[in-house]
Amino acid sequence: MPVIVAGVAVLVLAMVLFAGALGGVLGATFSNGPGEGLMCQTTPGEAAAQIPASYLAAYVRAGAAYGIPWNVLAAVGAVESDHGRGKGSGIRSGRNSAGAAGPMQFVSGTWDGYGVDGDHDGKTDVYDPADAIPAAARLLKANGAPAHMERALFAYNHADWYVKKVLAQAAAYGKDAGAASCPVVPVAASGRAAVAVRAALQRIGTPYSWGGGGPNGPTSGIAQGAGIVGFDCSSLTLYAWHQAGISIPRTSQDQWSTLPHVPAGREAPGDLVFFQGALGSMSRPGHVGLVLGGGKMIEAPHTGARVRISSIRTRSDLVGYARPGAGSDTA
Numbered sequence: 001m002p003v004i005v006a007g008v009a010v011l012v013l014a015m016v017l018f019a020g021a022l023g024g025v026l027g028a029t030f031s032n033g034p035g036e037g038l039m040c041q042t043t044p045g046e047a048a049a050q051i052p053a054s055y056l057a058a059y060v061r062a063g064a065a066y067g068i069p070w071n072v073l074a075a076v077g078a079v080e081s082d083h084g085r086g087k088g089s090g091i092r093s094g095r096n097s098a099g100a101a102g103p104m105q106f107v108s109g110t111w112d113g114y115g116v117d118g119d120h121d122g123k124t125d126v127y128d129p130a131d132a133i134p135a136a137a138r139l140l141k142a143n144g145a146p147a148h149m150e151r152a153l154f155a156y157n158h159a160d161w162y163v164k165k166v167l168a169q170a171a172a173y174g175k176d177a178g179a180a181s182c183p184v185v186p187v188a189a190s191g192r193a194a195v196a197v198r199a200a201l202q203r204i205g206t207p208y209s210w211g212g213g214g215p216n217g218p219t220s221g222i223a224q225g226a227g228i229v230g231f232d233c234s235s236l237t238l239y240a241w242h243q244a245g246i247s248i249p250r251t252s253q254d255q256w257s258t259l260p261h262v263p264a265g266r267e268a269p270g271d272l273v274f275f276q277g278a279l280g281s282m283s284r285p286g287h288v289g290l291v292l293g294g295g296k297m298i299e300a301p302h303t304g305a306r307v308r309i310s311s312i313r314t315r316s317d318l319v320g321y322a323r324p325g326a327g328s329d330t331a
C-alpha cells in the first residue's frame, strides 16, 4: 500500500539485507548508469503463468513506459491484492481499514498525485488495473526506482517485511525469464520523437498481426493476421508517430521511399530503422522498427511474436534509417 509521509526522510535500507533477493530481481537488468533508462523488461517465463493475462500485459506495458521491471510491478500487485483476486476489502470497491483502494492499494492522497489514465478512456480509476498498474510504476519511479528499488518499495509501504516479500516474489517471477531479451538502452529522445518512443513502448507485449494496426491502435489483421488484434511492423511505427502528430505512410516500403534518410551513425531515438526482411529487398525493405538508441529498437517482429525491444546490431540485413517529421520538433 503506497503511503505519503511528509517531513520525514525516507529510510535507506542496508543493501546487505537484500543482496540475495536483489540478485534475482536485478541480474543483468539493472546495469543502467546515470542518465540511462531501463526501457525493457525480462520476458515473462513459466512463473508468470499464475498471473492473469490482462494483468501481465499491463505490468509489462507499464514497466516499459516507466522503466520499472515488470516482475517488480507484478510482485507489488501480488502482495497487495493477488492481482486483483484478493478477498480483502477495498480491492474492487470501497477502501480497506487503512484507507487503501484498488488492486495496487492506493490511499487517496497518493492516488490524487500519481493516478494515471493508462487506457486513455478519459478517467483515472483506482480500481481499474489499466490505470492502477502504471500509477504504481509512476510512484516507484518518483521514489527512486529502478536505481534505488528497495528505497522506492519502502516508500510504497513503510515496512521492512513488505520490501523483502516484494523482492522475493519479483525474484520468483524473474528467475525463469529470458534475460537476453532485456537490454538496457539510453533514452535521449525529446520533443515529438519522445512522444513516438513512449507510445511504442506502451505497446510492448501487443501481438503481431499481419495487416493489423493503424494510427489509432491495434486492429484485427488479414491473412495470417486474421482474428489477431495487434500491429505489424509498419503499423506500429505509423501508430507511434501518429501519437506525436506526424503522419507517415502505412507500409515499410513507402516509409523508406518517402521519408528523409539519415546516415548510419547519426540515427536518433524515434528514427525508423529498415531491414530487407524475409519478403523485401535493399531497395524495398520488408521490415521496419523504431530506434530507441544504444543499438536497440522497438519492433513488431513476426507472426506468433509480440511487440518487443530487439538489437539492431545483430541484424545482417540493415538497409538504413529515416526520420519522420524532419525539420519539426522531433529531436
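Residues in the sequence shown are numbered from 1 upward in steps of one, following UniProt numbering. Every residue gets a Cβ at the ideal spot worked out from N, C-alpha and C, and that includes glycine.
Buried or exposed by the 16-neighbour rule on C-beta atoms within 10 Å, applied to residue i
i: Gly23; result: Here Gly23 scores only 33 on pLDDT, less than 50, and its place in the model should not be relied on; the value that follows carries that caveat. Exposed is the call here.
i: Gly286; result: buried
i: Met104; result: buried
i: His242; result: buried
i: Met149; result: buried
i: Trp256; result: buried
i: Thr110; result: buried
i: Leu26; result: At Leu26 the pLDDT is 31, less than 50, meaning the model places this residue with poor confidence; the figure from the coordinates comes in the next sentence. Its Cβ being crowded by 16 or more others within 10 Å, Leu26 is buried.
i: His120; result: exposed
i: Ser54; result: exposed
i: Val184; result: Legend: pLDDT at Val184 = 37, less than 50; position of this residue unreliable, value from coordinates given subsequently. Buried, by the Cβ-count rule.
i: Ser310; result: buried
i: residue 416; result: In the structure displayed, the chain extends from 1 to 331; residue 416 sits before or after that span and is not available.
i: Ala49; result: exposed
i: Ala142; result: exposed
i: Gly225; result: buried
Nearest-angstrom beta carbon gap, residue j and residue i [assumed within contact, 8 Å]
i: Asp317; j: Gly289; result: About 12 Å; that fails the 8 Å criterion.
i: Ala200; j: Ile68; result: Going by Cβ atoms, the distance from Ala200 to Ile68 rounds to 17 Å, so no, they are not a contact pair.
i: Ala170; j: Asn71; result: 5 Å
i: Ala152; j: Ala145; result: 4 Å
Beta carbon of residue i nearer than 8 Å to that of residue j
i: Ile222; j: Gly211; result: yes
i: Ala47; j: Lys175; result: yes
i: Ala75; j: Ile133; result: no
i: Ala264; j: Tyr321; result: yes
i: Arg203; j: Leu167; result: no
i: Gly270; j: Ala193; result: yes
i: Ser234; j: Ser220; result: no
i: Val79; j: Tyr162; result: yes
i: Val307; j: Val291; result: no
i: Ala137; j: Ala62; result: yes
i: Asp131; j: Gly115; result: yes
Of the residues the options, the one placed nearest residue i, counting alpha carbons only
i: Asp232; options: His242, Ser252 and Gly245; result: Ser252
i: Asp117; options: Ala268, Ala100, Thr314 and Ala135; result: Ala135
i: Thr206; options: Gly280, Val291 and Ala300; result: Ala300
i: Leu238; options: Ile309, Pro324, His302 and Asp121; result: Pro324
i: Pro215; options: Asn143, Ser247 and Ala226; result: Ser247
i: Leu73; options: Pro129, Trp111 and Val291; result: Pro129
i: Arg313; options: Gly295, Pro249, Gly191 and Gly227; result: Gly295
i: Tyr66; options: His83, Leu139 and Thr124; result: Leu139
i: Arg284; options: Ala101, Glu80, Thr258 and Gly90; result: Thr258
i: Met282; options: Gly122, Val319 and Asn143; result: Val319
i: Val197; options: Ala268, Gly113, Ala98 and Ser108; result: Ala268
i: Ala98; options: Arg315, Arg266 and Asn157; result: Asn157
i: Gly245; options: Phe154, Thr303, Gly191 and Phe106; result: Gly191
i: Gly280; options: Asp254, Thr303 and Gly304; result: Asp254
i: Ser93; options: Gly213, Ala49, Ala147 and Asp125; result: Asp125
In DSSP terms, what residue i is bridged to
i: Thr219; result: Gly230
i: His287; result: Phe275
i: Arg308; result: Glu299
i: Tyr208; result: Phe231
i: Phe106; result: Ala101
i: Leu318; result: Phe275
i: His261; result: Ala322
i: Gly214; result: Gly217
i: Gly293; result: Lys296
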